[in-house]
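So in the numbering used here, the last one in the sequence shown is 391, and the numbering has no gaps at all.
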Amino acid sequence: MKVCAVILAAGSGRRMNVGRNKVLLKLEDQSALMRCLQTFASSGLFAEIVVACRPEDRAVIEQKVADHLPDAAIRFCDGGSERQYSVREALRLVPEDVEIISVHDAARCFVTVPVIERSVRMAEEFGSGVAAVPMTDTVKRVENGIVESTLSRDGLVRVQTPQSFRAELLRKAHAQAEEDGFLATDDAALVERLGCPVHVSEGAPDNIKLTVRQDLREGARILRGRSGGMRVGTGFDVHPFGEGRPLILGGVDFGCDRGLIGHSDADVLVHAVMDALLGAAGLPDIGVLFPDTNERYHGASSLLLLAEVGSCLRTRGFRIVNIDCTLILEEPRIRPHAEEMQQNVAAALGIAASAVSIKATTAERLGALGRREGAACQAVCLLAGGGSGA
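Structure, rendered in structure tokens:
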């Protein structure tokens with residue numbers, strides 16, 4: 002299914018009283034908005050992202066996106082005076098062929114990929130998926146400062162975002178609310194008015210919303226808890242050449258008469274990258290995860306396997322900082338295809354192409370590689386994070 006995200010960043014931050022839009026505040030090395038956008042972009046779920054922001058913030062936000070997410074499909078619209086109006090404006094930019102729309106508040110900048118995935122998958126299966134966590138506090142109804150009753154926590158949840166819906170359902174809910182002059186604090190309430198069931202997906206306790214200054218301190222605590230420091234991984238792979246095989250490197254078919262021999266497509270570059278990433282994360286290597294005894298991987302595209310590795314890392318809370326690869330082979334020339342290979346690897350992992358470096362060298366005619374009997378690749382990567390990923 003084609004999925005689009007709507008990120009709401011048009012709030013004033015009045016209750017936080019920091020003199021600017023709260024989603025532009027920096028938390029460690031990133032603004033709240035960019036932290037949120039990078040998480041959504043890295044999920045690999047979204048064909049497009051629409052950001053609703055205040056007109057006075059738009060130039061700054063567009064520049065941040067251009068600097069840090071240059072390859073992401075992100076569009077912008079002016080937000081409204083109310084959250085609901087911002088969603089309505091964003092919906093005008095969502096392509097008609099989108100089947101699932103996931104709405105998220107940028108102020109919930111600690112959202113993780115697993116929370117997003119659960120919301121989207123629920124919507125794909127049932128038509129709606131609203132992130133929520135069970136109520137743990139005792140809840141009382143109060144009037145004029147006096148407790149009137151104590152509510153049972155059974156069946157009560159605290160609703161979060163993302164809130165994902167079938168596109169036609171969300172559009173209908175907003176159109177009906179506009180016709181009736183009805184205003185709500187979230188999209189789920191608009192769908193409820195249609196009499197449609199709203200399904201709840203598993204949120205996370207640390208998926209908090211930045212509202213008051215205390216939330217900034219709580220956010221700093223969350224980030225400290227998630228930080229697993231920086232982790233380096235190295236990978237190396239080598240394959241022999243053989244007749245009647247295509248030569249696939251970095252997902253590019255070089256159209257040669259001789260290609261590399263292997264159980265999958267023998268993409269030596271991608272194999273080295275996968276082992277580097279898995280090693281940095283402390284996970285088993287590709288021989289364990291994708292054994293050559295499994296027919297499922299016979300002739301498989303290594304880029305598809307790389308995408309699985311990327312998903313595995315995101316689930317564990319890792320963020321890929323950069324990847325550096327060196328191919329070792331006498332021929333063919335790599336440089337004319339390096340950019341396409343770079344784009345392929347980055348797309349499979351859901352990261353910016355600028356985070357991937359691909360270069361090549363020869364073995365100076367020494368050894369098996371120098372005799373053109375095979376090709377090898379070594380890769381190194383840097384990962385950040387590795388917290389709960391919940």
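Just so it is clear, CB atoms sit at the ideal spot from N, CA and C, and this is done for glycine as well.
Close Cβ partners of residue i (< 7 Å) along its chain, the five nearest in sequence each way excluded
i: Ser87; result: Leu9, Ala11, Ala53, Gly80, Gly81
i: Leu191; result: Ala174, His175, Ala178, Ala185
i: Gly390; result: For Gly390, the pLDDT reaches just 39, beneath the cut-off of 50, and the residue's location in the model is therefore unreliable, although a value from the coordinates is still provided. The answer, listed in chain order, is Thr113, Pro115, Thr316, Arg317, Gly318.
i: Ser303; result: Ser265, Asp266, Asp268, Val271, His272
i: Cys257; result: Leu248, Pro333
Simplified DSSP state of residue i, which is helix, strand or coil
i: Asp188; result: helix
i: Thr294; result: coil
i: Leu217; result: helix
i: Cys5; result: strand
i: Ala385; result: strand
i: Glu374; result: coil
i: Cys37; result: helix
i: Val66; result: helix
i: Val95; result: coil
i: Lys141; result: strand
i: Ile209; result: coil
i: Ile75; result: strand
Nearest-angstrom Cα separation, counted from residue j out to residue i
i: Asn22; j: Arg222; result: 21 Å
i: His338; j: Phe255; result: 9 Å
i: Asp68; j: Asn323; result: 16 Å
i: Leu370; j: Val99; result: 48 Å
i: Cys378; j: Leu367; result: 16 Å
i: Val253; j: Ser153; result: 59 Å
i: Arg320; j: Thr151; result: 43 Å
i: Leu92; j: Val51; result: 8 Å
i: Leu250; j: Ser13; result: 49 Å
i: Ala133; j: Ala282; result: 29 Å
i: Glu340; j: Cys326; result: 13 Å
i: Thr212; j: Ser44; result: 25 Å
i: Leu328; j: Ala364; result: 10 Å
Terminal residues of the beta strand (DSSP E) in which residue i lies
i: Asn323; result: 319 to 329
i: Ala241; result: One detail in the question is off: residue 241 reads as Pro in this sequence, not Ala. From DSSP, the beta strand (DSSP E) with Pro241 extends over 231 to 244.
i: Pro163; result: 158 to 167
i: His272; result: Premise fails: His272 lies in the alpha helix (DSSP H), 269 to 281, not in any beta strand (DSSP E).
i: Gly260; result: 259 to 261
i: Cys110; result: First-last for Cys110: undefined, no H or E at that position.
i: Glu49; result: 49 to 54
Cβ neighbours of residue i in the same chain (closer than 6 Å, five flanking residues each side left out)
i: Gln164; result: Val104, Val131, Asp188, Ala189
i: Met123; result: Gly130, His200, Ser202
i: Leu49; result: According to the sequence as given, residue 49 is Glu; it is not Leu. Answer for Glu49: Cys5, Ala74, listed in chain order.
i: Ala89; result: In the sequence as presented, Ala is not what sits at residue 89; that position holds Arg. Once the five neighbours on either side are set aside, the close Cβ partners of Arg89 are His175.
i: Gln215; result: none
i: Met342; result: Gly251, Val253, Ile359
i: Arg232; result: Ala281, Leu384
DSSP bridge partner residues for residue i (one or two, in chain order)
i: Ser202; result: Ala132
i: Gln31; result: Leu28
i: Ile102; result: Cys5, Phe166
i: Asp254; result: Ile249
i: Ile359; result: Cys326
Residue span of the alpha helix (DSSP H) that contains residue i, given as start and end
i: Arg1; result: Residue numbering for the chain in the displayed model covers 2 to 391; residue 1 lies beyond these limits and cannot be assessed.
i: Thr316; result: 303 to 316
i: Gly80; result: Here Gly80 belongs to no alpha helix (DSSP H), and DSSP marks it neither H nor E.
i: Val148; result: Where Val148 is concerned, there is no enclosing alpha helix (DSSP H), although the beta strand (DSSP E) it sits in stretches over 147 to 152.
i: Glu341; result: 339 to 350
Cβ-based neighbour list, residue i, same chain, cut-off 8 Å, excluding 5 preceding and 5 following
i: Val143; result: Glu149
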